[in-house]
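Single-structure report; data block below.
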Amino acid sequence: MLWRSVVGKLWATILLLVTFVLLILTVFLVEFFENFQIEEVENNLTKTAHRIVQITNEHSNTDEVLKISSELVGDETKIVVFQNDSVVYSSNEGDLSGISYEFLENDSAFHRVFTEGKTVEKEITHPQKGEDGEKIKAIVIGMPLELNGKQHQLFLYQSSELMEEAIGSTTKFILLAAGVAIILTTIFAFFLSTRINAPLNKMKEAAFEVARGKFDTKVPIVTQDEIGELAMAFNQMGKQLKFNMSALSQEKEHLASILSSMADGVITFNKDGTILETNPPAERFLQSWYFEKQDESNDVPAVLMTLFNQSDILDKEQIGEISLQGHDWVLIVSPLYGAGSIRGAVAILRDMTEERKTDKLRTDFIANVSHELRTPISMLQGYSEAIIDDVAGTEEDKKDMAQVIYDESLRMGRLVNDLLDLARMESGKVTLRYERIEVTGYIERIVYKFNGLAKEKGIQLYAKTASEETYWDFDHDRIEQVLTNLIDNAIRHTPSGGTVEVSQWIEERNGLVMEVKDSGTGIPEEDLAYVFERFYKADKARTRGKSGTGLGLAIAKNIIDAHAGYISVHSLLDIGTTFTFSLPRMLEENE
0 MLWRSVVGKL WATILLLVTF VLLILTVFLV EFFENFQIEE VENNLTKTAH
50 RIVQITNEHS NTDEVLKISS ELVGDETKIV VFQNDSVVYS SNEGDLSGIS
100 YEFLENDSAF HRVFTEGKTV EKEITHPQKG EDGEKIKAIV IGMPLELNGK
150 QHQLFLYQSS ELMEEAIGST TKFILLAAGV AIILTTIFAF FLSTRINAPL
200 NKMKEAAFEV ARGKFDTKVP IVTQDEIGEL AMAFNQMGKQ LKFNMSALSQ
250 EKEHLASILS SMADGVITFN KDGTILETNP PAERFLQSWY FEKQDESNDV
300 PAVLMTLFNQ SDILDKEQIG EISLQGHDWV LIVSPLYGAG SIRGAVAILR
350 DMTEERKTDK LRTDFIANVS HELRTPISML QGYSEAIIDD VAGTEEDKKD
400 MAQVIYDESL RMGRLVNDLL DLARMESGKV TLRYERIEVT GYIERIVYKF
450 NGLAKEKGIQ LYAKTASEET YWDFDHDRIE QVLTNLIDNA IRHTPSGGTV
500 EVSQWIEERN GLVMEVKDSG TGIPEEDLAY VFERFYKADK ARTRGKSGTG
550 LGLAIAKNII DAHAGYISVH SLLDIGTTFT FSLPRMLEEN E
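Just so you know, we're using numbering that gives the first Met the number 0 here: the sequence shown kicks off at 0 and counts up by one.
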């Protein structure tokens, strides 16, 4: 609306101020001209009266002098000469002819003319009424006059009608001038307001542009006054805002890079449990927490909120531990301060699984190798002694014993070969042969190999792949080895009537993701941390001759690590197990 705009407010202010000044000025001017007219008439009448007295004293023919004086003063001015209470001479022929001695004598001021011989100037209201019924106003001058040695009283008076007409004309002129001044003021106010408001509108539009993030927006500087200085300051503010936002963006990117490169997980959150920032290790922790607790709220885990509440009370960092999906996490929660109070916390999540597994593996490796070799060596020794001692009665028994010795030697050979492959992979001496592979057909071909085994066990095996063709660079032999191991394990640990699903998709951060999910018996939580370790076997009671060497998942993990990928496992007892691994885009040195 106009009245709410700067133009309206400035115009109204100027107009009201000018109108008020003109009103006061008009009142004073009208009063001034009215007083001026009265004084001017009184002065003229006084001068005329003195002139008549002077001429009368110089000439003996008084009547002729008074007659000539009446003609000289004009029709507007009347002359009356009294001696005592009678009229000696009168030029009244009109409005004021009714003026009488009694009227003048009764007035205290004019009474002094008769008694004391004083000169009196006064505006009177004549008792005679005009045509409109109002009393006639006049200005009367009275002074003593000596004629023929006798004392007389000379009165000159003039009607105020002409004077009032002059005052009325003057008032109309002043009011007209005031009206013209108000109109010109309105035009000037609008012009001035527009000149002021135009750059302000440009600054308002520029401010909205800056609010939208366009910090390069500039306001043209068209004047060198305060508005020009304001535009200059606005442009400087936009430049400084751009610099500050750029600095903040760089700091944010720097912080994000630091968080992403950290080996420990970092989570920052508010007092209400809203997560503000995470890094990849922290996301893996949260994924494990939500999976195990079946929590879909995506809030800060309760264990972290408990530590935060303790840190809030004690005003210092708190340390705790938790095991999730076979990983041992050390949690360090420190409060964050803002405006003198705690506004949230930062949690450091340190995965201690590798350190603890390393300690355990150092003690278990020799025992595992010895345990794995003891059975085949014992069998080789026992059956070879039986053959030497001719325990076998027939050739067929000797062949069976020899077959057992042969099978156990093959098993020992596989164990040694797997150990050698694992050692080469861990030492980085394995060379990957990257090829561009069409992923959908590749997975369907691998799954097809297990259809017969799945049908024998009554398991539903299927692949869930993308509808469009997806090409990716990796070593197809090694990745097939990984998928073969995972699918074989899933089928062997899934009861009849269960399902095994192999799926793949693309993620912007992780690249190509493949997943093998079953509805089998699951893996105990205490064993999850060791599934990718050498000689790990979840079923401690199954027959070793049929279970393999226990190195398959360790080899799979090393193959994925060689591709610069990541493999993880989630499992719940009697619900199922999910193995997930990702393959990033091929690095330049591998191309």
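Here a beta-carbon is modelled for each residue, glycine too, at the ideal position from N, C-alpha and C.
Quick caveat: nothing in here was measured; it's all calculated off a predicted structure.
Does the distance from the CB of D474 to the CB of T520 come in under 8 Å? no
Element boundaries [beta strand (DSSP E), containing I458]: No beta strand (DSSP E) holds I458; DSSP gives it neither H nor E.
Which runs of the beta strand (DSSP E) spanning at least 3 residues fall entirely within the region 145-196, listed in chain order? 149-158
Using the rule of at least 16 other Cβ atoms within 10 Å of the residue's Cβ for burial, across every protein chain shown, is M142 buried or exposed? buried
Considering E320, what are the terminal residues of the beta strand (DSSP E) in which it resides? 317-323
Under 8 Å between the Cβ atoms of H151 and Q82? yes
Do you know how far the Cα of A232 is from the Cα of M244? 18 Å
Evaluate the contact criterion for the region 474-487 versus the region 507-515: three or more CB pairs, one atom per stretch, below 8 Å. yes
Quick one: give me the first and last residue of the alpha helix (DSSP H) that H256 is part of. It is worth fixing the name first, because residue 256 is Ser in this sequence and not His. Here the alpha helix (DSSP H) through S256 covers 225-260.
Through-space distance from W471 to I341, alpha-carbon basis: 48 Å
Let me know the secondary structure DSSP gives A338 once reduced to three states. coil
Residues near F214 in its chain [Cβ-Cβ closer than 6 Å; skip 5 each side]: G237, L240, K241
Host alpha helix (DSSP H) of M513 (start-end): No alpha helix (DSSP H) holds M513; the beta strand (DSSP E) holding it covers 510-517.
Run the CB neighbour count on T277, radius 10 Å, all protein chains shown included, and call it buried at 16 or more, exposed below. buried
Using alpha carbons as the reference points, say which of P219, G564, I266 lies closest to A197. P219
Please return the same chain residues whose Cβ sits closer than 7 Å to the Cβ of I173, not counting the five positions on each side in sequence. T25, L28, V29
Would DSSP call H326 helix, strand or coil? strand
Less than 8 Å between the beta carbons of H569 and F290, yes or no? yes
Run of the beta strand (DSSP E) containing E276, from where it starts to where it stops: 274-277
So does D224 have its beta carbon nearer than 7 Å to some heavy atom of the ligand NAD? Within the structure as shown, the ligand NAD is missing, as the structure has no ligands at all.
Option nearest D406 by Cα separation, candidates G343, Y336, Q223, L379: L379
Tell me, to the nearest whole angstrom, how far the beta carbon of I195 is from that of I166; I am working on the premise that it is less than 8 Å. Going by Cβ atoms, the distance from I195 to I166 rounds to 41 Å, so no, they are not a contact pair.
Suppose the cutoff is 6 Å on Cβ atoms and the five residues either side in sequence are ignored; what does the same chain contact list for H58 look like? V64
What would DSSP say about N269, mapped onto helix, strand or coil? strand
In terms of residue numbering, what span does the beta strand (DSSP E) encompassing G575 cover? 575-582
Straight-line Cα distance separating D420 from R533: 12 Å
When you compare each of E525, R477, R491 to G564 by their alpha carbons, which one comes out closest? R477
Are D311 and P334 closer than 8 Å when you measure CB to CB? yes
Where A281 falls, given that 16 or more other Cβ within 10 Å makes a residue buried: buried
Element boundaries [alpha helix (DSSP H), containing E524]: Note, E524: premise wrong, no alpha helix (DSSP H); not H, not E.
6 Å Cβ shell around I566 - same chain, five flanking residues per side excluded: K556, I559, F580
Name the residue from K448, G272, M585, A553 whose alpha carbon lies nearest to the alpha carbon of N509. M585
Is F473 helix, strand or coil by DSSP? strand
Quick one: Cα of L460 to Cα of T357, how far? 36 Å
Does the Cβ of P523 have 16 or more other Cβ atoms within 10 Å, making it buried, or fewer, making it exposed? exposed
Is I445 helix, strand or coil when you go by DSSP? helix
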